[in-house]
(Lines of atoms letter the chains of each structure in order from A and count residues from 1; the text may use other names and numbers.)
(Lines give C-alpha, C1' and ligand atoms only; values in the text may rest on other atoms or scores of the structure.)
Protein backbone atom coordinates (compact mmCIF):
# COMPACT_ATOMS: atom_id res chain seq x y z
CA UNK A 1 0.00 0.00 0.00
CA UNK A 2 2.89 2.36 0.58
CA UNK A 3 3.79 2.25 -3.08
CA UNK A 4 0.30 3.26 -4.11
CA UNK A 5 0.31 6.25 -1.82
CA UNK A 6 3.75 7.38 -2.97
CA UNK A 7 2.77 7.70 -6.61
CA UNK A 8 2.68 11.34 -7.64
CA UNK A 9 0.52 12.33 -10.54
CA UNK A 10 1.37 15.21 -12.77
CA UNK A 11 -1.50 17.29 -14.12
CA UNK A 12 -2.02 17.06 -17.85
CA UNK A 13 -1.84 20.79 -18.33
CA UNK A 14 1.78 20.77 -17.11
CA UNK A 15 3.00 19.33 -20.42
CA UNK A 16 0.98 21.68 -22.63
CA UNK A 17 3.50 24.50 -22.58
CA UNK A 18 6.20 22.06 -23.65
CA UNK A 19 4.22 21.05 -26.76
CA UNK A 20 2.77 24.55 -27.38
CA UNK A 21 -0.81 23.27 -27.29
CA UNK A 22 -3.59 25.42 -25.95
CA UNK A 23 -5.88 23.77 -23.38
CA UNK A 24 -8.98 24.77 -25.37
CA UNK A 25 -7.99 22.48 -28.24
CA UNK A 26 -7.48 19.37 -26.12
CA UNK A 27 -9.91 16.55 -26.62
CA UNK A 28 -9.42 12.83 -26.33
CA UNK A 29 -11.47 12.25 -29.49
CA UNK A 30 -9.99 15.07 -31.55
CA UNK A 31 -7.08 13.16 -33.02
CA UNK A 32 -7.39 14.38 -36.57
CA UNK A 33 -9.66 11.54 -37.69
CA UNK A 34 -12.75 12.23 -39.72
CA UNK A 35 -16.16 11.82 -38.16
CA UNK A 36 -16.80 8.58 -40.09
CA UNK A 37 -13.70 6.94 -38.68
CA UNK A 38 -14.46 7.99 -35.13
CA UNK A 39 -18.07 6.83 -35.32
CA UNK A 40 -18.30 3.16 -34.35
CA UNK A 41 -21.55 2.70 -36.26
CA UNK A 42 -19.79 3.57 -39.52
CA UNK A 43 -18.12 0.15 -39.59
CA UNK A 44 -21.11 -1.90 -38.52
CA UNK A 45 -22.89 -3.96 -41.15
CA UNK A 46 -26.63 -3.88 -41.53
CA UNK A 47 -27.54 -7.18 -43.17
CA UNK A 48 -31.00 -5.91 -44.11
CA UNK A 49 -29.30 -3.32 -46.29
CA UNK A 50 -27.15 -6.03 -47.86
CA UNK A 51 -30.25 -8.06 -48.72
CA UNK A 52 -31.86 -4.92 -50.12
CA UNK A 53 -28.86 -4.34 -52.42
CA UNK A 54 -28.89 -8.02 -53.43
CA UNK A 55 -32.57 -7.72 -54.41
CA UNK A 56 -31.77 -4.51 -56.25
CA UNK A 57 -28.99 -6.31 -58.13
CA UNK A 58 -31.37 -9.09 -59.18
CA UNK A 59 -33.92 -6.50 -60.30
CA UNK A 60 -31.23 -4.65 -62.26
CA UNK A 61 -30.15 -7.87 -63.97
CA UNK A 62 -33.76 -8.74 -64.81
CA UNK A 63 -34.34 -5.30 -66.33
CA UNK A 64 -31.09 -5.63 -68.27
CA UNK A 65 -32.06 -9.00 -69.76
CA UNK A 66 -35.49 -7.63 -70.69
CA UNK A 67 -33.80 -4.68 -72.41
CA UNK A 68 -35.28 -2.00 -70.15
CA UNK A 69 -32.03 -0.51 -68.86
CA UNK A 70 -28.34 -0.71 -69.77
CA UNK A 71 -25.86 -2.44 -67.49
CA UNK A 72 -22.51 -0.69 -66.96
CA UNK A 73 -19.58 -2.75 -68.22
CA UNK A 74 -17.66 -2.63 -64.94
CA UNK A 75 -20.72 -3.90 -63.08
CA UNK A 76 -21.26 -6.71 -65.57
CA UNK A 77 -17.61 -7.77 -65.45
CA UNK A 78 -17.48 -7.66 -61.68
CA UNK A 79 -20.66 -9.72 -61.34
CA UNK A 80 -19.34 -12.32 -63.79
CA UNK A 81 -15.93 -12.56 -62.10
CA UNK A 82 -17.47 -12.77 -58.61
CA UNK A 83 -19.86 -15.52 -59.74
CA UNK A 84 -17.08 -17.44 -61.47
CA UNK A 85 -14.92 -17.19 -58.35
CA UNK A 86 -17.77 -18.52 -56.20
CA UNK A 87 -18.40 -21.57 -58.36
CA UNK A 88 -14.73 -22.21 -59.14
CA UNK A 89 -13.10 -25.05 -57.24
CA UNK A 90 -9.85 -23.05 -57.16
CA UNK A 91 -9.92 -20.61 -54.23
CA UNK A 92 -7.39 -18.64 -52.24
CA UNK A 93 -8.50 -20.67 -49.22
CA UNK A 94 -9.96 -24.07 -50.21
CA UNK A 95 -13.57 -24.73 -49.25
CA UNK A 96 -12.48 -27.99 -47.64
CA UNK A 97 -11.85 -26.10 -44.40
CA UNK A 98 -15.29 -25.67 -42.78
CA UNK A 99 -15.57 -21.96 -41.97
CA UNK A 100 -12.27 -20.54 -43.11
CA UNK A 101 -12.88 -21.70 -46.66
CA UNK A 102 -16.00 -19.55 -46.98
CA UNK A 103 -14.31 -16.38 -45.74
CA UNK A 104 -12.64 -15.63 -49.06
CA UNK A 105 -15.94 -16.18 -50.91
CA UNK A 106 -17.72 -13.74 -48.61
CA UNK A 107 -14.86 -11.27 -49.00
CA UNK A 108 -15.15 -11.41 -52.79
CA UNK A 109 -18.91 -10.81 -52.56
CA UNK A 110 -18.44 -7.92 -50.13
CA UNK A 111 -15.84 -6.36 -52.41
CA UNK A 112 -18.11 -6.74 -55.44
CA UNK A 113 -21.12 -5.22 -53.68
CA UNK A 114 -19.10 -2.30 -52.35
CA UNK A 115 -17.64 -1.67 -55.79
CA UNK A 116 -20.99 -1.64 -57.62
CA UNK A 117 -23.00 0.08 -54.87
CA UNK A 118 -22.96 3.37 -56.79
CA UNK A 119 -24.39 1.71 -59.90
CA UNK A 120 -27.09 0.05 -57.80
CA UNK A 121 -28.06 3.40 -56.30
CA UNK A 122 -28.18 4.96 -59.77
CA UNK A 123 -30.41 2.10 -60.90
CA UNK A 124 -32.67 2.62 -57.86
CA UNK A 125 -33.00 6.34 -58.70
CA UNK A 126 -33.77 5.48 -62.32
CA UNK A 127 -36.38 2.94 -61.29
CA UNK A 128 -38.05 5.34 -58.83
CA UNK A 129 -38.23 8.07 -61.48
CA UNK A 130 -40.19 5.82 -63.85
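Residue numbers (my numbering): 935 to 1064. Cβ atoms here follow ideal geometry from the backbone N, Cα and C, with glycine treated the same way. Keep in mind that this is a model prediction, so the values were computed, not measured.
Item, Value
"Contact under 9 angstroms by Cβ, residue 1038 with residue 1050", "no"
"Three CB pairs or more closer than 8 angstroms across the region 991-1011 and the region 1028-1043", "no"
"For residue 1022, the three-state DSSP class (helix, strand or coil)", "coil"
"Euclidean distance between Cα positions of residue 1020 and residue 1031", "15 angstroms"
"Residue interval of the alpha helix (DSSP H) (run including residue 1047)", "1034-1063"
"Residue 1007, DSSP secondary structure in three states", "helix"
"Backbone secondary structure at residue 1029 - three-state DSSP", "coil"
"Reference residue 1054, options 983, 982 and 987, closest by Cα", "987"
"Nearest-angstrom Cα separation, counted from residue 1023 out to residue 1052", "30 angstroms"
"Neighbour-count burial assignment, residue 1044, 16 or more Cβ in a 10 Å radius", "exposed"
"Same chain, Cβ closer than 7 angstroms to residue 1006, neighbours up to 5 away in sequence not counted", "1053"
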